[in-house]
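Scroll down for the structure; my scribbles are underneath it.
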Amino acid sequence: MKNIMNVALGIVTSIGGFLDVGAIATAALAGAAFGLQMLWVLALGTLCVIFLTEMAGRLACVSHHSLVDAVRERCGFRYFSFLLIGEVIVDMLVLAAELGGVAVALHLVTGIDYRWFVPIVAFVLWLLIWLGTFSMVQNGTSLLGLITLAFVLGMWWMGPPWHEAMKGLIPSAPSHDAARYWFTAVGIIGALFEPFMLNFYASGAIEEKWSLKDIPMNRVTAVVGMSFGATIAISIVILSAMTLGPKGIQIDSYEQAAMMMLQPFGAWGVPLFAAGLGTACFGASLQVALNLSYLFAQGFGWNWSENLKPHEDARFALVYTLAIPLGAVLVIVLGDPLQITTFSMALNALLAPVIVFPLLILMNDRHYVREYRNHVVGNVLVSAIVVIAFIIAAVAIPLEVLGG
Amino acid sequence: MADPLPLVRDVLDKQVLDPDKCKIGKVDGILLQLRANRPPRVMAMEISQSSAWRRLHHRLGDAADWLRAKFEPGQGARAHILFEHFVRGGIDVHVDVPGKRTRALAWEDWLQQRVVARIPGGRRGGKK
């Protein structure tokens, strides 16, 4: 019974980890601009992220080392320093985007400028990490994140065109606005395998003291949890395509994205969208802030655990204590949380190979994973998708930036 | 002949754990002792950011050394653990000297006492 509970909790946690400001924003943008044509990107990305999550969890179960820990040890300080710099830049942008997402959700409900909420959200976030344990942080916010199932309900209410949705699962080139199409595709991929999520998942497995007997649970969690998360993201694409697309609404702000919920839920639509966005972003901002601490602590070999009082791992606590206010300043200074989100998601796709290829090396290293090494299918599939995403990102980001 | 120890594979960049499994740091550098008319001897493991950044570029190492000399609490030499305290290598390095007896935790101790302890909820140690 305890195992079943653990698996259920793991699945709920994965949904919470899967769905954040990036997944919601990129799915809504894709549906509004290109209908159901981009569902294949979501499906392909989900398949890849299932493999990656399972690998990160298996590494932790067998070696009791997290991904960053093992990358520093296996690939050396030179490689780790590139990863550190890249991940700090991307994670800070993602943290700013998530904080902005929560603030915008509060703005949608109250009508007050979102900037006023940013410092309050940042303080509550810091307080939760400072006082809370890993399970409280992880499971509490993930359970709250289940409100995002409202997107699935909304899609069912609208009666989705299943035939067209199935056609969307077949890869296709855009009929118009190619640069935007590929930039959005990169954003979707970036939102799916955010590098912070892989290390956070592996660190969580160590915090929860997973061992060899947890390998099957890790597999079920990765497959079912990520698939459930993808179902919600697909629902957002379909909902956006059915409600915003026909009206010619191109999403430029979260206010416009919220309109997708008006048709199925009427007056409750905007508060429901805000609740989904707010809880998903708050959960993800906890994960990113903690991951920044994990990144430094594991990379430099400091004591770390969210279950310890800050006195026991002072440097670990210092990193999130500095990162959270900095993220808040970033979102206020840079403005427009939606643009920060789409840009940081595309950067995620650029950074992905830097963390995925060492993971593949580790997952084939007998010193770390003993006989629990990767099969060739996982190696080839993950490498192919990540290389393709990197190439598209390298081409699409300059095109989108130059095109404004 | 005793088993050889691949220093780069099994020691450099590995996590250092003391007898209580406390994380002291990573092995950022390895020091050799040069001896007249005799082969060099592996002397110590360095646990210091400046040693790590120096491996990237000597100017980065110089900058880290300057920062350390200027700001590090206690301001002594770079933290290192003599190789005689080495117990075993692998994916972690185990040593028989407590972390508190090395200089590697100078910043951790300073932050504990001067910063964390002054924030509400940060004074006591242990589990949450």
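Heads up: the protein sequence lines correspond to chains A and B, in order.
Numbering-wise, the first sequence is residues 1 to 404 according to our numbering.
Numbering-wise, the second sequence is residues 1 to 128 according to our numbering.
A virtual CB, placed ideally from N, CA and C, is assigned to each residue, including glycine.
Notebook entry, point to check: Under the DSSP definition of a beta bridge, which residues are partnered with His-94/B?
Noted result: For the purposes of this step, residue 94/B is identified with residue 94 of the second sequence, where counting begins at 1. Paired residues: Leu-17/B and Arg-88/B.
Item checked: Spatially closest choice to Ala-294/A from Asp-91/A, Leu-19/A, Phe-77/A and Leu-52/A, by CA coordinates -> For the purposes of this step, residue 294/A is taken as residue 294 along the first sequence, with counting starting at 1. It is Tyr, not Ala, that sits at residue 294/A in the sequence shown. Residue Asp-91/A is the option with its Cα nearest to Tyr-294/A.
Check: Alpha carbon to alpha carbon, how far is Ala-257/A from Arg-54/B?
Finding: In the first sequence, residue 257/A corresponds to position 257, counting from 1. In the second sequence, residue 54/B corresponds to position 54, counting from 1. Computed Cα separation, rounded: 49 Å.
Notebook entry, point to check: Is the beta carbon of Val-382/A sitting closer than 8 Å to the one on Leu-360/A?
Noted result: Sequence index remark: in the first sequence, residue 382/A carries index 382 (1-based). Sequence index remark: in the first sequence, residue 360/A carries index 360 (1-based). Yes, the pair counts as a contact, with Cβ atoms nearer than the cut-off.
Margin query: In whole angstroms, give me the CA-to-CA distance for Val-356/A and Phe-18/A.
Written below: As a first step, residue 356/A is located in the first sequence; it is residue number 356 there, counting from the start. As a first step, residue 18/A is located in the first sequence; it is residue number 18 there, counting from the start. Between the C-alpha atoms of Val-356/A and Phe-18/A there is a straight-line separation of about 17 Å.
Item checked: Contact with chain B by Asn-307/A, beta-carbon distance below 8 Å -> Mapped onto the first sequence, residue 307/A falls at position 307. Yes, Asn-307/A counts as interfacial toward chain B.
Next item on the list: In the DSSP assignment, find the unbroken beta strand (DSSP E) run with Gln-129/B in it and report its ends.
Entry: Examination of residue 129/B is not possible in this model, given that chain B is present from 1 through 128 alone.
Check: Are the stretch 126-145 of chain A and the stretch 305-323 of chain A touching, with three or more C-beta to C-beta distances below 8 Å?
Finding: Contact holds: three or more Cβ-Cβ distances are below 8 Å.
Check: Using a beta-carbon distance below 8 Å, is Gln-33/B in contact with chain A?
Finding: Walking along the second sequence from the start, residue 33/B turns up at place 33. It does not: the Cβ of Gln-33/B has no partner Cβ on chain A nearer than 8 Å.
Check: Quick one: is Ala-317/A buried, meaning 16 or more other Cβ sit within 10 Å of its Cβ, or exposed?
Finding: Translated into the one-based positions of the first sequence, residue 317/A becomes position 317. Burial check for Ala-317/A: the Cβ neighbour count within 10 Å reaches 16 or more, so the residue is buried.
Notebook entry, point to check: CA-CA distance, Gly-111/A and Ala-122/A?
Noted result: The sequence position of residue 111/A within the first sequence is 111, counting from 1. The sequence position of residue 122/A within the first sequence is 122, counting from 1. Linking Gly-111/A to Ala-122/A through their CA atoms gives a straight-line distance of about 19 Å.
Next item on the list: Using a threshold of 8 Å, state whether the C-beta atoms of Val-237/A and Gly-101/A are closer than that.
Entry: Taking the first residue of the first sequence as 1, we reach residue 237/A at position 237. Taking the first residue of the first sequence as 1, we reach residue 101/A at position 101. If you check the CB distance, Val-237/A and Gly-101/A do not come in under 8 Å.
Next item on the list: Determine which residues of the stretch 96-113 of chain B have a Cβ less than 7 Å from any Cβ of chain A, and write them out in chain order.
Entry: The stretch 96-113 of chain B vs chain A, Cβ under 7 Å: Trp-107, Glu-108, Leu-111 and Gln-112.
Notebook entry, point to check: In angstroms, rounded to a whole number, what distance separates the CA positions of Ala-185/A and Val-41/A?
Noted result: The residue labelled residue 185/A in the question sits at position 185 within the first sequence. The residue labelled residue 41/A in the question sits at position 41 within the first sequence. For Ala-185/A and Val-41/A, the distance between alpha carbons rounds to 6 Å.
Check: By the 10 Å Cβ neighbour count, where 16 or more other Cβ atoms means buried, how is Gly-266/A classified, buried or exposed?
Finding: As a working note, residue 266/A is residue 266 in the first sequence. Gly-266/A is exposed by the Cβ-count criterion.
Checklist line | Closest by C-alpha distance to Gly-154/A, when choosing among Arg-315/A, Val-387/A and Thr-231/A | finding: Translated into the one-based positions of the first sequence, residue 154/A becomes position 154. Gly-154/A has its Cα closest to that of Thr-231/A, out of Arg-315/A, Val-387/A and Thr-231/A.
Next item on the list: Please classify Ile-249/A: does DSSP put it in a helix, a strand, or coil?
Entry: The sequence position of residue 249/A within the first sequence is 249, counting from 1. Under the three-state reduction of DSSP, Ile-249/A is assigned to coil, being neither helix nor strand.
Check: DSSP on Pro-40/B, reduced to helix/strand/coil?
Finding: Within the second sequence, the letter at position 40 stands for residue 40/B. Of the three classes helix, strand and coil, the one that applies to Pro-40/B here is strand, per DSSP.
Margin query: Can you tell me whether Asn-37/B is buried or exposed? The criterion is at least 16 other CB atoms within 10 Å of its CB, across all chains shown.
Written below: Locating residue 37/B in the second sequence gives position 37, counting from the first residue. Its Cβ having fewer than 16 others within 10 Å, Asn-37/B is exposed.
Check: So what's Leu-424/A in DSSP terms, helix, strand or just coil?
Finding: The structure shown has nothing for residue 424/A, since chain A only spans 1 to 404.
Notebook entry, point to check: If contact means a Cβ-Cβ distance below 7 Å, which residues of the stretch 294-323 of chain A contact chain B?
Noted result: Flagged, chain order: Phe-300, Gly-301, Trp-302, Asn-303, Asn-307, Leu-308, Lys-309, Pro-310, His-311, Glu-312, Ala-314, Arg-315, Ala-317 and Leu-318.
Next item on the list: May I have the straight-line CA-CA distance separating Leu-362/A from Cys-61/A, to the nearest angstrom?
Entry: Position 362 of the first sequence, counted from the start, is the residue given in the question as residue 362/A. Position 61 of the first sequence, counted from the start, is the residue given in the question as residue 61/A. Cys-61/A has its alpha-carbon roughly 13 Å from the corresponding atom of Leu-362/A.
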